[in-house]
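Engineer:
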Amino acid sequence: MNGNVIPAPPSPHCTMPSEKPVPRWQVAATLFPVQPAPPPKSVDLGDLLGQLSDVSDWVRYLSENVACATAAITGTLGQQNDTTPRAILDVDTSPIMVQSGWPFPWDSQAAFANLSLLSPHAVIYNGVKYPTAANLFFALKFEGDDVAMATIRTASDPEWAATDRSLVPLVRSDWHSIAYSQLVLVLCLKFEQHPDLVGELLSTNYRPFIDRRRDRPDNIFGRALEDVRDSLHG
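To convert, note that position 99 of the sequence shown is 99 in full-length UniProt numbering; the numbers rise steadily by one, no gaps.
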């Protein structure tokens, strides 16, 4: 038997999306579109929060609509209102920089380094052990071709290996439509198989994740981490 074949792990507790989900902050942004001018100071923060589904929506709305949200807060801070969830006002909304992959080498001393796809935490998928989450994610581009997947699994730089001219024609035709859900799957497996990392992820509370890579304007890795964190929060 191949030394890399290992009994399959239990199914992850994360909620797996069937397709790329609509982030809840986008739903909140739809409910509360940015106005050309801040709302009047009479806007009640409690009413605003009542229309947001949970704290993460509020945090994202606050970070995206600072002017409007500040005016709403100003209108209530001076009032004695026991129903106002004042603790929410103290939530840290500063972004956390995370690393999806190269050109930045993995730095064990960096803050939240273990959240990176490159952290040396092996992930088992279908009984096969991948040295990092990055190796598994890029191998999934070739799922169905065992030789190509093995090539990516053993590569020191799986992202670069996946661009090899001999492999590009083998990429799944539906990859672009499933890449996000596959990334969430990989992250779910990583945290399920390394429960010691779950606390590190949850310790970020509702702070947004931003991928350090400037060639990732869609911030797919940051959003996937947020979705997995929300799922683990339950």
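Beta carbons: idealized from backbone N, C-alpha and C, even for Gly.
Is it the case that the Cβ atoms of G199 and I210 are separated by a distance below 8 Å?
Structural biologist: no
Engineer: For the beta strand (DSSP E) that contains F137, what are its first and last residues?
Structural biologist: Careful: F137 lies outside any beta strand (DSSP E), inside the alpha helix (DSSP H) at A133 to A139.
Engineer: If we count Cβ pairs, one from each stretch, closer than 8 Å, do we get three or more for the segment 138 to 153 versus the segment 167 to 174?
Structural biologist: Counting Cβ pairs under 8 Å, three or more are found: they touch.
Engineer: On the three-state DSSP scale, how would you describe V147?
Structural biologist: helix
Engineer: Does DSSP classify V171 as helix, strand or coil?
Structural biologist: coil
Engineer: To which residues of the same chain is Q182 closer than 6 Å at the C-beta, ignoring the five residues directly before and after it?
Structural biologist: L140
Engineer: Where R229 and L202 are concerned, what is the direct C-alpha to C-alpha distance, given to the nearest angstrom?
Structural biologist: 6 Å
Engineer: Please classify R153 as buried or exposed, where buried requires at least 16 neighbouring CB atoms within 10 angstroms.
Structural biologist: buried
Engineer: Find the nearest neighbour of W160 within the set V186, D174, N135 and A179, judged by alpha-carbon distance.
Structural biologist: N135
Engineer: Whole angstroms are fine: how far does the CA of S116 sit from the CA of A110?
Structural biologist: 10 Å
Engineer: Should residue 279 be labelled buried (16 or more other beta-carbon atoms within 10 Å of its own) or exposed?
Structural biologist: Because the chain here runs from 1 to 234, residue 279 falls outside it and cannot be looked at.
Engineer: For F191, collect the residues of the same chain with a Cβ closer than 6 Å to its Cβ; drop the 5 residues on either side in sequence, then sort them by chain order.
Structural biologist: L197 and V198
Engineer: Rounded to the nearest angstrom, what separates G127 and P158 at their Cα positions?
Structural biologist: Inter-residue distance for G127 and P158 is about 19 Å (C-alpha atoms, whole angstroms).
Engineer: Considering only the alpha carbon of each residue, which of C188, N205 and F138 lies closest to W175?
Structural biologist: F138
Engineer: Inspect the beta-carbon positions of A133 and L185 and report whether they are closer than 8 Å.
Structural biologist: no
Engineer: Output needed for P21: all residues of its chain with C-beta closer than 7 Å, excluding positions within five of it in sequence on either side, in chain order.
Structural biologist: Annotation note: pLDDT 49 at P21 (below 50); position unreliable, coordinate value reported separately. The answer, listed in chain order, is D227.
Engineer: Taking the C-alpha atoms as reference points, what is the distance between residue 236 and L225?
Structural biologist: Residue 236 falls outside the range modelled here, since the chain spans only 1 to 234, and no answer is possible.
Engineer: In the DSSP assignment, the alpha helix (DSSP H) including V98 goes from what residue to what residue?
Structural biologist: Residue range I96 to V98 is occupied by the beta strand (DSSP E) that includes V98, with no alpha helix (DSSP H) assigned at that position.
Engineer: Compare the C-alpha of A155 against each of A179, S100, L118 and S177 and name the closest.
Structural biologist: L118
Engineer: Which residues mark the beginning and the end of the beta strand (DSSP E) in which V91 is found?
Structural biologist: Per DSSP, V91 belongs to no beta strand (DSSP E) and is neither H nor E.
Engineer: Just the Cα atoms here: how many angstroms apart are T93 and Q99?
Structural biologist: Annotation: T93 to Q99 spans about 19 Å, alpha carbon to alpha carbon.
Engineer: Name the two residues that bound the continuous beta strand (DSSP E) containing D211.
Structural biologist: F209 to D211
Engineer: Have a look at D206 and N114 and give me their C-alpha separation to the nearest angstrom.
Structural biologist: The question names Asp, but residue 206 is Tyr in the sequence shown. In a straight line, the C-alpha of Y206 is about 18 Å away from that of N114.
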